[in-house]
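Residue numbers (UniProt numbering): 1 to 116.
Everything below concerns the one structure shown next.
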């Protein structure tokens, strides 16, 4: 049953993204930014943690989880280290994802001819 719930929640997030693309004619960059902000806002209200408990990977894999991680890390480190902790916390929880995106983007750019 856990797999079904994860699939349903992750699929619902994807459906919302597809609707934003098709109905509102947003670009993929706008949808991605919107989802990051939604994840951060939901984490600010304490809702995203409950969604992760309920859906597991269905809530941690989509891009909304990145916004959750950004805000979660900033709030956690901000409480411990003050103002400078906000910047430290953002990168502490998300550094692996950011680093991977940079490295793999560089490798793909070397292997294929980038456009634009």
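Glycine included, each C-beta is placed from N, C-alpha and C at the ideal position.
Look at residue 92 here: in three-state DSSP terms it is helix.
Annotated as proximal: residue 36 and residue 66, with beta-carbon spacing under 8 Å. Only residues of its own chain outside the window of five on either side were considered, and among them 62 and 64 have a CB closer than 7 Å to the CB of residue 13, listed in chain order. A direct Cα-Cα distance of roughly 7 Å separates residue 74 from residue 87. In the structure shown, the three-state DSSP call for residue 20 is helix.
Distance check between residue 71 and each of 22, 108, 38 and 7 places 38 closest, using alpha-carbon atoms only. Under the three-state reduction of DSSP, residue 10 is assigned to helix.
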